[in-house]
Structure formats: C-alpha cells, structure tokens
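First residue of the sequence shown: 0, per numbering that gives the first Met the number 0; consecutive thereafter.
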Amino acid sequence: MIKRIFDIFSSLLAILVLLPLYFIVGILVYYSLGWPIIYRAKRAGKNNKEFTLIKFRSMKNTTNHVSHHSGDDDPRITKLGKFIRQTKLDELPQLINVLFGKMSIVGPRPETPEYIKLYSEEQMKILNLRPGITDYASIEFSNLGDILKGDDPDKLYFEKVWDKKMKLRMKYTQENNFFIDMKIIFLTIMTIFKK
C-alpha cells in the first residue's frame, strides 16, 4: 500500500516537474525520426497480465529486424536515440505506466511475453510484483547496449546477461521493501550521472 502511494505521488510529481523535458525530447524525436514519437511494446506485468510499455522512440522503423535486443552499434539507433538511451530519457513515458498502475518506480524490469516461457517455477514469483522502471539489474547492466554490440544481440543477451539478471530479479523479490526501493532509486540516479 505504501509502495503504491509512493508510486502515484512520485510519478505524478515527476511528470509535472519534467513536463518541459517531455516536450523537448518529444520534439527532438519527431524531428529525428518522425511520427510516432512513442514506441509501444507488449510486456508481461503483475500476475503475468500483458500491458503496453511506452517509451520515446530511439530507433528507425524497419520491417526486416526480428531481434528482441539491440546493441549500441545497431544501425537503426540514431545519434539522438543513443543519447536518450544512455541518459534514460527514453524511459520517461513509463512514469505514465506507473501512474496508471501498470508499473512501479522500482521493480523487476518487465520482460517480453515470449521470454516468460523460459522462467522456472521459482522465477515465476517475479511476476507477483509490478514490473519497475529500475531495479538491481538496471544498475548492474547500465551499459547493456555496449555488452550487446555484435551481430547477434539476442545470443549475447542469453550468454552474458540472462542468468545474472534473473538472480538479481529473484534477489529483489526476496528482500523488497521501501528502504530497498529508496536505495535502488539512489543508485540508479548515481549511475545515470556517472555517465
């Protein structure tokens, strides 16, 4: 209950305070990539209920690309796209997901429905929580785009990221509380500013 109240208050406050930034990023994305400026993706939410995650577009639209992940060397990513990804500005619209109860500020990052099929019975406990904008894995893999550089980012994701990410998600399900959330928010801010 406290977590949900915090999510509503903090997301609403952040949206109001950052409204000028929303307009600036939106205009830049429009001039860089055209319409639409928002990328929508299906993700597995709390209790495995599907929802639409939103973020600012950072990539050109292509019809021949089937990879779920992308490295920083992906030719579809624009210069602006690379910048808003590194600074996490592309994630700003997810505050709207938080406000409407589909996500939380802190929680396991939402996964694609296809990848949920790979979860073990124990890992399915991750879906007892609302997915979040940030978590331990977001901090640990803040350089994910760099890690996934190469011809097959999906393969690299499973080789270098998946197992550790799942362990960090499970860690959060076991110890999540308000103070842990505050710690993760602080570490996330520090990670962004270090870039």
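We treat Cβ as the ideally placed atom computed from N, Cα and C, and that holds for glycine.
- Contact between the segment 3-13 and the segment 81-100 is present: three or more C-beta pairs spanning the two stretches fall below 8 Å.
- According to the DSSP assignment, Thr133 belongs to the beta strand (DSSP E) that extends over 131-133.
- Of the candidates Ala40, Lys164, Ser137, Ser137 places its Cα closest to the Cα of Val105.
- Put simply, the backbone Cα of Met58 is about 9 Å away from that of Lys81.
- The DSSP-derived three-state label of Phe178 is helix.
- Unbroken beta strand (DSSP E) runs of no fewer than 3 residues, entirely contained in the segment 80-163, are found at 103-105, 131-133, following chain order.
- Listed as beta-bridge partners of Tyr38 by DSSP are Lys54.
- Secondary structure note for Asp6: its alpha helix (DSSP H) is the uninterrupted segment 1-16.
- Approximately 18 Å separates the beta-carbon atoms of Ile76 and Ile53; this is outside 8 Å, ruling out the contact.
- For the 8 Å CB-CB criterion, Asn47 and Leu128 do not form a contact.
- In terms of Cα proximity to Lys182, the closest of Met0, Lys41, Thr133, Ile14 is Thr133.
- The alpha carbon of Gly44 has as its nearest neighbour, out of Thr86, Val16, Gln85, Lys101, the alpha carbon of Lys101.
- With contacts defined as CB atoms closer than 8 Å, Leu79 and Ser141 fail to qualify as a contacting pair.
- Of the candidates Pro130, Arg168, Asp150, Leu88, the residue whose Cα lies closest to the Cα of Pro19 is Leu88.
- One alpha carbon belongs to Thr111, the other to Val28, and they sit about 24 Å apart.
- Judged by their CB atoms, Tyr135 and Tyr171 are nearer to each other than the 8 Å cut-off.
- Looking only at Glu120, Asn176, His68, the smallest Cα-Cα distance to Lys159 is reached by His68.
- Non-local C-beta neighbours of Ile146 in its own chain, meaning closer than 6 Å and more than five positions away in sequence, comprise Lys159, ordered along the chain.
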